[in-house]
Every structure is written in C-alpha cells, then in structure tokens.
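One structure is given here, and the rest of the page talks about it.
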Amino acid sequence: MLILKDYTTYNENEILSLYSSVGWTNYVQRPEMLRKAYCNSLYILGAYVNGKLVGVIRAVGDGASIVFLQDLLVLPEYQRQGIGTRLMQAALEKFADIYQLALLTEAVDKNVAFYKSLGLVKLEDFGCCAFIRQG
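This note's numbering applies: residue -12 is where the sequence shown begins, and numbers increase by one.
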C-alpha cells in the first residue's frame, strides 16, 4: 500500500540509492550538496511502500510567489504505477495558491505528456523563455 508523507529525516543511503537508481549521478557524486539541498528545501514529500522509500518530490522557493519543483524521482521498479502522479498531485495541491509553480525537465515526449496531463504548461506557450547557469 502506498503512503505519502512528509520526508523529515534525511537518510543519505536511501536518498543516494534513489538518485542513483534513476541515473542522476551528478547528485550521487556530490552527496554533501544533496544533503544541504534537502536541509534547505521548502517541502519534501516521500512515497513509501511497506516502509520503503520508493519516490520523492522536492520543492524550493519562497512559498508565496514562486515554488520550483526541483526533483521528482521514483525507483524504476515502481514507475508506471501512478506514484509520480500522486506525488505531483500532492505538491500541486499544497501549492495551489502560489503565483508561479515551475520545474525544469528533459524535453522528451514522455516528460512533456506527463506534466501536461497534470495541467502544467510549457514556458514557451506563455511567450517566455528560461535561462540557467549550471556550475
């Protein structure tokens, strides 16, 4: 049975395992950065099956005008079971009154379809563009 609950106690082994399982090696190679990122997050929600962390969504921002959904991950063996959708729906509900909710993802068809199915709109559809500096 799937249980969603606030992720309040950072467990480096389970988090690194989750990030590694989806190939996000930049985070795995920088565990100190990831720990600090989790400690400074606005909101973290975990998805658990039989007490095991199988997914997570993490948000950063000011909680009033902008929230950025930074990470949405689900262990590969639990993907395509609606867990990512449930995590996203919970975050969208929590931040329903926020002026801007944003996220950055790879521009592949499955990602675009997933986020559009949840009511999100591509930035370019607003006549906007985004900029990033990655260090």
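Glycine residues also receive a C-beta, built at the ideal position from the N, C-alpha and C atoms. It should be emphasised that the depicted structure is a prediction, and the values quoted were computed from it without experimental measurement.
For residue i, the three-state DSSP class (helix, strand or coil)
| i | result |
| --- | --- |
| L62 | coil |
| A46 | strand |
| K81 | helix |
| I31 | strand |
| K109 | coil |
| V36 | strand |
| V41 | strand |
| T92 | coil |
| F118 | coil |
| V9 | coil |
Residues near residue i by beta carbon distance below 8 Å, same chain, minus five either side
| i | result |
| --- | --- |
| K(-8) | L32, G33 and Y35 |
| L105 | T72, M75, Q76 and L79 |
| N98 | T92 |
| Y(-3) | R22, Y25 and C26 |
Residue burial classification, residue i (beta-carbon count within 10 angstroms, cutoff 16)
| i | result |
| --- | --- |
| Y86 | exposed |
| R45 | buried |
| F113 | exposed |
| V54 | buried |
| G69 | exposed |
| L91 | exposed |
| G122 | exposed |
Inter-residue CB distance, residue i and residue j (contact presumed, cutoff 8 Å)
| i | j | result |
| --- | --- | --- |
| L79 | L59 | With 8 Å as the limit, L79 and L59 do not qualify as a contact, their Cβ atoms being about 11 Å apart. |
| G38 | V61 | Not really, about 16 Å apart at Cβ, beyond 8 Å. |
| L56 | L88 | 7 Å |
| P18 | E(-1) | 6 Å |
Other residues of its chain near residue i: CB distance less than 6 Å, five sequence neighbours each side excluded
| i | result |
| --- | --- |
| V15 | L3, Y6 and S7 |
| L21 | Y14 |
Beta-bridge pairing of residue i - partner residues as DSSP gives them
| i | result |
| --- | --- |
| Q87 | I53 |
| R73 | In DSSP, R73 forms no bridge with anything. |
| Y(-6) | In DSSP, Y(-6) forms no bridge with anything. |
| L(-11) | V36 |
Residue i beta carbon near the ligand COA (any heavy atom closer than 7 Å)
| i | result |
| --- | --- |
| K103 | In terms of ligand content, the structure shown is empty, and the ligand COA therefore cannot be addressed. |
Cβ-based neighbour list, residue i, same chain, cut-off 7 Å, excluding 5 preceding and 5 following
| i | result |
| --- | --- |
| P63 | S8 and V9 |
| L110 | C116 and A117 |
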